[in-house]
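In what follows, a structure is listed as structure tokens, so that the remarks can point back to it.
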Amino acid sequence: MEGLHFVRFPDLAAIAEAVQPYDDGSMNGVVGTIYDHLKRPVPASWNSYFLGGVYHGSDLLLILTMAPMDRAWGLGCPQSVLGEITPVALKAATDVLAKNVLDLTHPHAIALVNGEKDAVDAFLSSWVEAAASKGTRLRVKAPAFEARASYATRETVHPPPLIKPNYDIVLATGDEFDEVFPLYLDFTKQAGPGTRALDVEEAHLRFVIAQGTTWLCRIDNALVGFIVLGRVTPNTIAVRHVYVVPEHRRKGIAEGLVRAINRYYLGMRPVGYSGIPEGDPAVGVKSYVCINTSTAENIYRRAGFLFPVRTADEEAAGGRDPVSGKKAWYRHVLRGVEPEQAP
Numbered sequence: 001m002e003g004l005h006f007v008r009f010p011d012l013a014a015i016a017e018a019v020q021p022y023d024d025g026s027m028n029g030v031v032g033t034i035y036d037h038l039k040r041p042v043p044a045s046w047n048s049y050f051l052g053g054v055y056h057g058s059d060l061l062l063i064l065t066m067a068p069m070d071r072a073w074g075l076g077c078p079q080s081v082l083g084e085i086t087p088v089a090l091k092a093a094t095d096v097l098a099k100n101v102l103d104l105t106h107p108h109a110i111a112l113v114n115g116e117k118d119a120v121d122a123f124l125s126s127w128v129e130a131a132a133s134k135g136t137r138l139r140v141k142a143p144a145f146e147a148r149a150s151y152a153t154r155e156t157v158h159p160p161p162l163i164k165p166n167y168d169i170v171l172a173t174g175d176e177f178d179e180v181f182p183l184y185l186d187f188t189k190q191a192g193p194g195t196r197a198l199d200v201e202e203a204h205l206r207f208v209i210a211q212g213t214t215w216l217c218r219i220d221n222a223l224v225g226f227i228v229l230g231r232v233t234p235n236t237i238a239v240r241h242v243y244v245v246p247e248h249r250r251k252g253i254a255e256g257l258v259r260a261i262n263r264y265y266l267g268m269r270p271v272g273y274s275g276i277p278e279g280d281p282a283v284g285v286k287s288y289v290c291i292n293t294s295t296a297e298n299i300y301r302r303a304g305f306l307f308p309v310r311t312a313d314e315e316a317a318g319g320r321d322p323v324s325g326k327k328a329w330y331r332h333v334l335r336g337v338e339p340e341q342a343p
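If you read the sequence shown in full-length UniProt numbering, its first letter stands for residue 1, the second for the next number, and so on.
Pasting the structure below:
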């Protein structure tokens with residue numbers, strides 16, 4: 001592909017500005033993470049050269065970022081590119097990206113990359129080749145995590161329930177930390193191995209609640225679940241965690257939480273659920289509510305997310321944005337490289 005060039009961004013604010021035209025449902029993972037980290041102090045040791053993108057003319061094709069304190073690089077691909085770029089063109093773009101990032105770093109700078117599967121696979125292949133040209137042998141590891149990502153819009157959410165459910169959904173405050181923390185720890189254990197130290201989890205949850213996008217579900221004032229949102233950008237917000245205590249599962253509460261939150265942040269009124277205000281969110285009304293998930297796709301699909309239906313032959317049916325007609329989901333992967341032993 002002719003006309004490809006690499007752009008290095010000096011800091012997080014510069015990259016946030018550069019990706020503003022591409023702030024859509026497919027870029028929330030990368031763009032939202034950048035906005036999340038803009039709210040945190042940047043460590044003095046942070047290297048600003050870990051930020052860059054590949055353009056075709058003036059159009060962004062790929063962006064690679066490593067936000068402070070993240071353990072994986074984020075690889076983003078705009079919706080206008082997803083599904084349209086050919087494998088050959090994608091490999092040409094990842095070759096340019098790998099060569100330029102390697103010139104700024106070193107072969108072991110990249111261990112894990114998170115993003116759309118085809119883009120991540122192509123980039124890691126390019127990275128291994130670029131490292132080999134510098135005399136370093138690497139190999140691509142099996143995926144550490146796989147999921148599918150999608151989004152909901154005003155055109156895909158459902159009407160409010162005819163009868164309000166018997167639970168309230170209320171915004172969490174710092175005063176409720178002690179009540180929420182045990183449920184949050186249970187959620188982290190169920191989410192998989194790798195739970196962090198208690199003081200780290202405590203600091204993280206306090207920060208999350210302080211952002212004003214954590215909602216609690218109560219029945220007769222008893223806490224039975226929560227939904228946490230994050231990665232807030234001017235146009236998008238993401239569902240990060242949904243949890244319901246075991247004794248209240250299979251009652252439609254998780255689906256109700258997601259439906260309510262979708263309506264609230266997409267500006268659909270009335271919201272239709274007790275506890276949620278009818279005014280605009282403090283972070284503003286959004287065009288997309290996004291999610292990455294490896295489970296419960298049926299729940300999220302019923303709540304308005306554009307996940308395709310898995311068919312018997314493993315093909316995916318549907319999953320198109322009703323307005324643009326473009327693909328509204330992608331396969332998400334966390335994958336990396338490691339040193340390869342010489343033969």
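Glycine included, each C-beta is placed from N, C-alpha and C at the ideal position.
### Beta-carbon proximity of residue 218 to residue 229, cut-off 8 Å
As a working mapping, residue 218 is identified with position 218 in the sequence shown. As a working mapping, residue 229 is identified with position 229 in the sequence shown. Cβ atoms of residue 218 and residue 229: not closer than 8 Å.
#### Entry: Residue range of the alpha helix (DSSP H) that includes residue 207
Your numbering for residue 207 matches position 207 in the sequence shown. Note, residue 207: alpha helix (DSSP H), 198 to 210.
### Task
Starting from the Cα of residue 26, find the closest Cα among 92, 317 and 305 and give me that residue.
Locating residue 26 in the sequence shown gives position 26, where the first residue counts as 1. Per the Cα distances, 305.
### Whole-angstrom distance between residue 124 and residue 336, CA atom to CA atom
Within the sequence shown, numbered from 1, the residue matching residue 336 stands at position 336. Within the sequence shown, numbered from 1, the residue matching residue 124 stands at position 124. Cα to Cα, the separation comes out at about 7 Å.
### 7 Å CB neighbourhood of residue 100 in its chain, flanking five on each side removed
Here residue 100 corresponds to residue number 100 of the sequence shown, with the count starting at 1. Only 6 and 52 meet the Cβ criterion.
### Query
Around the Cβ of residue 297, are there at least 16 other Cβ atoms within 10 angstroms (buried) or fewer (exposed)?
Numbered from 1 along the sequence shown, position 297 holds the residue referred to as residue 297. The residue is buried, with at least 16 neighbouring Cβ atoms inside 10 Å.
### Message
Beta-carbon within less than 7 Å of residue 9's beta-carbon, same chain only, minus the 5 sequence neighbours each way: which residues are those?
### Response
On the sequence shown, residue 9 is found 9 positions in, with the first residue counted as 1. Counting only Cβ-Cβ distances below 7 Å, and skipping sequence neighbours, we find 15, 18, 51 and 52.
### Among 166, 106, 281 and 250, the one whose alpha carbon lies nearest that of residue 299
For the purposes of this step, residue 299 is identified with residue 299 of the sequence shown, where counting begins at 1. Of 166, 106, 281 and 250, the residue nearest in Cα terms is 250.
#### Entry: Beta-carbon spacing of residue 327, residue 319 below 8 Å
Numbered from 1 along the sequence shown, position 327 holds the residue referred to as residue 327. Numbered from 1 along the sequence shown, position 319 holds the residue referred to as residue 319. Contact flag set, yes.
### Task
Inspect the beta-carbon positions of residue 333 and residue 146 and report whether they are closer than 8 Å.
Working through the sequence shown from its first residue, we reach residue 333 at position 333. Working through the sequence shown from its first residue, we reach residue 146 at position 146. Yes. Within cutoff.
### Query
By DSSP, does residue 162 sit in helix, in strand, or in coil?
Mapped onto the sequence shown, residue 162 falls at position 162. Note: residue 162 maps to coil in three-state DSSP.
### Buried versus exposed call for residue 56 [16 or more other C-beta atoms within 10 Å across all chains shown]
Looking up residue 56 in the sequence shown gives position 56. That one is buried.
### Query
Which first and last residues belong to the beta strand (DSSP E) in which residue 139 is found?
Position 139 of the sequence shown holds residue 139. It spans 138 to 140 - the beta strand (DSSP E) in which residue 139 sits, taken as one unbroken run.
### Message
Let me confirm a value: residue 166 is counted as buried when at least 16 other C-beta atoms fall within 10 Å, else exposed. Which label applies?
### Response
Within the sequence shown, residue 166 is the residue found at index 166, counting from 1. Counting Cβ neighbours within 10 Å, residue 166 comes out exposed, since fewer than 16 surround it.
### Cβ-Cβ separation, residue 273 to residue 289 (assumed contact under 8 Å), whole Å
Within the sequence shown, residue 289 is the residue found at index 289, counting from 1. Within the sequence shown, residue 273 is the residue found at index 273, counting from 1. Not confirmed; about 15 Å, so no contact.
### Query
If we count the other Cβ atoms within 10 Å of its Cβ and call it buried at 16 or more, is residue 156 buried or exposed?
As a working mapping, residue 156 is identified with position 156 in the sequence shown. The residue is buried, with at least 16 neighbouring Cβ atoms inside 10 Å.
### Query
Cβ of residue 62 within 8 Å of Cβ of residue 93?
Along the sequence shown, read from residue 1 onward, the residue named residue 62 stands at position 62. Along the sequence shown, read from residue 1 onward, the residue named residue 93 stands at position 93. Yes, the pair counts as a contact, with Cβ atoms nearer than the cut-off.
### Task
Thinking residue 283 and residue 242 are a contact (beta carbons under 8 Å), I'd like their distance in whole angstroms, please.
Locating residue 283 in the sequence shown gives position 283, counting from the first residue. Locating residue 242 in the sequence shown gives position 242, counting from the first residue. Between residue 242 and residue 283 the Cβ distance is about 18 Å, and since that is not below 8 Å, they are no contact.
### Among 134, 205, 13 and 270, the one whose alpha carbon lies nearest that of residue 108
Taking the first residue of the sequence shown as 1, we reach residue 108 at position 108. When only C-alpha atoms are compared, the closest one is 134.
### Task
With DSSP as the reference, label residue 150 as helix, strand or coil.
Sequence index remark: in the sequence shown, residue 150 carries index 150 (1-based). Note: residue 150 maps to strand in three-state DSSP.
### Message
Give the list of continuous alpha helix (DSSP H) stretches no shorter than 4 residues that lie fully inside the region 13 to 47.
### Response
28 to 38
### Query
Counting along the chain, where does the alpha helix (DSSP H) carrying residue 299 start and finish?
Reading the sequence shown from its first residue, position 299 is the one you call residue 299. Counting along the chain, the alpha helix (DSSP H) containing residue 299 begins and ends at 297 to 302.
### Message
My parser needs the beta strand (DSSP E) runs of 3 or more residues fully inside the region 41 to 112; what are they?
### Response
51 to 56, 59 to 65 and 73 to 76
#### Entry: residue 170 to residue 72 span [Cα, whole Å]
Position 170 of the sequence shown holds residue 170. Position 72 of the sequence shown holds residue 72. Rounded to the nearest angstrom, the two C-alpha atoms are 33 Å apart.
### Task
Check each candidate in 13, 31, 2 and 85 and name the one with the smallest Cα separation from residue 235.
As a working note, residue 235 is residue 235 in the sequence shown. The shortest C-alpha separation from residue 235 is found at 31.
### Query
For residue 29, which of 148, 84, 110 and 85 has the nearest alpha-carbon?
Position 29 of the sequence shown, counted from the first residue, corresponds to residue 29. It is 148.
### Task
State the start and end residues of the unbroken alpha helix (DSSP H) segment that holds residue 273.
Your numbering for residue 273 matches position 273 in the sequence shown. Premise fails: residue 273 is in no alpha helix (DSSP H) and is neither H nor E.
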